[in-house]
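One structure is given here, and the rest of the page talks about it.
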Amino acid sequence: MAFLENFDSNISQIRENLSQISLQIRDRSKDFKKIAKIRYELLMEKRNLSNLYKELGEYYYRLLKDEAVSFNVESQKTKIDISLSRIASLENSLADVGNDREENNFYYRG
Numbered sequence: 115m116a117f118l119e120n121f122d123s124n125i126s127q128i129r130e131n132l133s134q135i136s137l138q139i140r141d142r143s144k145d146f147k148k149i150a151k152i153r154y155e156l157l158m159e160k161r162n163l164s165n166l167y168k169e170l171g172e173y174y175y176r177l178l179k180d181e182a183v184s185f186n187v188e189s190q191k192t193k194i195d196i197s198l199s200r201i202a203s204l205e206n207s208l209a210d211v212g213n214d215r216e217e218n219n220f221y222y223r224g
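Encoded structure:
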């Protein structure tokens, strides 16, 4: 009889451990999804910034060649500043997701 009681106890512990593991897997998969989304947005914003710089460079090149160019430099500067701010914000968000994982999960090995 003692064998059956120990067996039941072991089965209960295994169920509890599996339940905890499944919760950790679910939480980590949510974190990975958040990280992937932020990284994608960061990549797209960096591409946008690159295009803004390219447009600005083309404007100045044409200006140096004395070509008539219609271009709003102040508007471009504002767009660049907004893009740089968005990149900084996304990088902070990415760091925050990593910090949340470390603080909330002592098993995190990163």
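Residue numbers for the sequence shown follow my numbering, so the first one is 115 and each next one is one higher.
Here a beta-carbon is modelled for each residue, glycine too, at the ideal position from N, C-alpha and C.
In this text the structure is predicted, and so the values were computed from the model without any measurement.
Is DSSP giving residue 180 helix, strand or coil here?
coil
Please name the residue in 148, 167 and 131 whose C-alpha comes closest to that of residue 250.
With the chain running from 115 to 224 in the structure shown, residue 250 is simply not present.
The region 142 to 154 / the region 190 to 210 touching (three or more Cβ pairs under 8 Å):
yes
Mapping the DSSP letters down to three states, classify residue 224 as helix, strand or coil.
Only weak support is given to the placement of residue 224: the predicted model assigns it a pLDDT of 43, under 50, and the question is left unresolved by the model.
Alpha-carbon spacing of residue 182 relative to residue 157, whole angstroms
34 Å
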